[in-house]
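Participant: Residue numbers for the sequence shown follow our numbering, so the first one is 151 and each next one is one higher.
Here's a structure for you.
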Amino acid sequence: MSINQSNTKGKAGMSYLFQDWHSNRRNFKGQLVLFMFRLASLINRSMIAKVIFYPYLLFYRYTVEWVWGIEIPRKTKIGKGLSLYHGNALVVNQGVVFGDNCSLRNSITIGHKKLADGTFSRCPRLGNGVDVGANVVIIGDIEIGDNVVIGAGSVVTKSIPANCTVVGNPARILEKKETL
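Right under this line is the structure:
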């Protein structure tokens with residue numbers, strides 16, 4: 151491997167770790183939590199790395215979950231540019247999938263729901279540019295389209311098409327944005 155190839159891999163690794171930095175400017179807690187998440191997910195890709203960096207994985211879980219109250223498991227699939235605003239009381243199931251450039255606020259729960267037969271549904275999948283307000287609950291095997299705004303206090307249990315604003319409990323479409 152040449153020096154240029156090695157340098158390129160190093161830059162790619164660093165850009166992976168800092169991919170949420172710009173979306174959380176002037177929000178050091180958000181930057182730090184997401185840097186720690188990206189590092190934990192990078193470690194999670196290799197069994198050898200998990201063994202070597204086990205103390206870091208424990209540190210991540212303790213610091214982020216227990217101290218800061220932000221539950222983002224290292225196995226969660228999150229696109230680039232996630233923004234965390236006031237990240238307290240944030241609970242995300244590891245099966246949730248986020249697109250790029252999503253925004254999350256405080257007191258959000260996103261995960262599966264228990265079905266009538268006692269099993270659990272799949273987790274929600276959020277598209278690109280989804281903006282989730284404070285105190286929102288998103289549960290079940292649903293899809294949230296691109297560029298959706300979910301108003302504070304909403305409870306989302308059904309799929310939402312792209313380019314909408316939804317509010318309420320249960321969430322209903324308030325406005326459908328026109329796209330050109």
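Note that CB positions come from ideal geometry on N, CA and C, so glycine has one too.
Below 8 Å on the Cβ atoms is my guess for N278 versus N251; work out the distance and round it to an integer in Å.
Facilitator: For the purposes of this step, residue 278 is taken as residue 128 along the sequence shown, with counting starting at 1. For the purposes of this step, residue 251 is taken as residue 101 along the sequence shown, with counting starting at 1. Indeed, because the Cβ distance is near 6 Å, the residues count as touching under 8 Å.
Participant: Per DSSP, L184 forms a beta bridge with which residues?
Facilitator: By 1-based counting over the sequence shown, the position of residue 184 is 34. DSSP output for L184 lists no bridge partner at all.
Participant: Hey, is the region 261 to 276 in contact with the region 290 to 298, meaning 3+ C-beta pairs nearer than 8 Å?
Facilitator: Taking 8 Å as the limit for Cβ pairs, the verdict is that the region 290 to 298 does touch the region 261 to 276.
Participant: Give the list of continuous beta strand (DSSP E) stretches no shorter than 3 residues that lie fully inside the region 192 to 275.
Facilitator: Complete beta strand (DSSP E) runs here, min 3: 240 to 242, 259 to 261.
Participant: How far does the beta strand (DSSP E) with E325 in it extend, from its first residue to its last?
Facilitator: As a position in the sequence shown, residue 325 is number 175, starting the count at 1. Run containing E325: 322 to 326, per the beta strand (DSSP E) assignment.
Participant: When we look at the beta-carbon of D267 and count the other beta-carbons within 10 Å, is it buried (16 or more) or exposed?
Facilitator: For the purposes of this step, residue 267 is taken as the residue at position 117 of the sequence shown. That one is exposed.
Participant: Please look up how many angstroms separate the CB atoms of L189 and L167, rounded, as I've assumed it's under 8 Å.
Facilitator: Looking up residue 189 in the sequence shown gives position 39. Looking up residue 167 in the sequence shown gives position 17. Going by Cβ atoms, the distance from L189 to L167 rounds to 6 Å, so yes, they are a contact pair.
Participant: Contact check, N256 vs L240 under 8 Å by CB: the rounded distance?
Facilitator: Locating residue 256 in the sequence shown gives position 106, counting from the first residue. Locating residue 240 in the sequence shown gives position 90, counting from the first residue. Right, the Cβ-Cβ distance comes to about 7 Å (below 8 Å), so this counts as a contact.
Participant: Taking Cβ positions, are V282 and I310 nearer each other than 8 Å?
Facilitator: The residue you call residue 282 lines up with position 132 of the sequence shown. The residue you call residue 310 lines up with position 160 of the sequence shown. No.
Participant: Between the C-alpha atoms of V305 and V246, what's the straight-line distance to the nearest angstrom?
Facilitator: Here residue 305 is taken as the residue at index 155 of the sequence shown, counted from 1. Here residue 246 is taken as the residue at index 96 of the sequence shown, counted from 1. Approximately 16 Å, taken between the alpha carbons.
Participant: With distances taken from CA atoms, which of Y235, F203, K230, N174 is nearest S165?
Facilitator: Here residue 165 is taken as the residue at index 15 of the sequence shown, counted from 1. That would be K230, whose Cα lies nearest to the Cα of S165.
Participant: Buried or exposed: where does R195 fall if 16 or more other Cβ atoms within 10 Å of its Cβ makes it buried?
Facilitator: In the sequence shown, the residue the question calls residue 195 occupies position 45. R195 is exposed by the Cβ-count criterion.
Participant: For I288, which beta-bridge partners are listed by DSSP?
Facilitator: Walking along the sequence shown from the start, residue 288 turns up at place 138. Per DSSP, I260, V306.
Participant: Alpha carbons only, please: which of V214, H236, T307 is nearest the one belonging to L265?
Facilitator: Walking along the sequence shown from the start, residue 265 turns up at place 115. Here the closest residue by C-alpha is T307.
Participant: Judging by CA-CA distance, which residue of V287, V280, I288, N285 is the nearest neighbour of T315?
Facilitator: Taking the first residue of the sequence shown as position 1, residue 315 is located at position 165. Among V287, V280, I288, N285, the Cα nearest to that of T315 is on V280.
Participant: Rounded to whole angstroms, what is the Cα-Cα separation between M197 and P320?
Facilitator: Here the question's residue 197 lines up with position 47 in the sequence shown. Here the question's residue 320 lines up with position 170 in the sequence shown. If I take the Cα positions, the gap works out to 42 Å.
Participant: Just to confirm the assignment, what range does the beta strand (DSSP E) spanning V298 have?
Facilitator: In the sequence shown, residue 298 corresponds to position 148, counting from 1. No beta strand (DSSP E) holds V298; DSSP gives it neither H nor E.
Participant: Determine the burial state of Y318: buried for a count of at least 16 other Cβ atoms within 10 Å of its Cβ, exposed for fewer.
Facilitator: Indexing the sequence shown from 1 puts residue 318 at position 168. The displayed chain sequence assigns Gly, not Tyr, to residue 318. Exposed, by the Cβ-count rule.
Participant: Could you tell me the alpha carbon to alpha carbon distance between I260 and N285, rounded to whole angstroms?
Facilitator: What you label residue 260 is simply residue 110 of the sequence shown in a count that begins at 1. What you label residue 285 is simply residue 135 of the sequence shown in a count that begins at 1. Looking at the two C-alpha atoms, the distance is approximately 11 Å.
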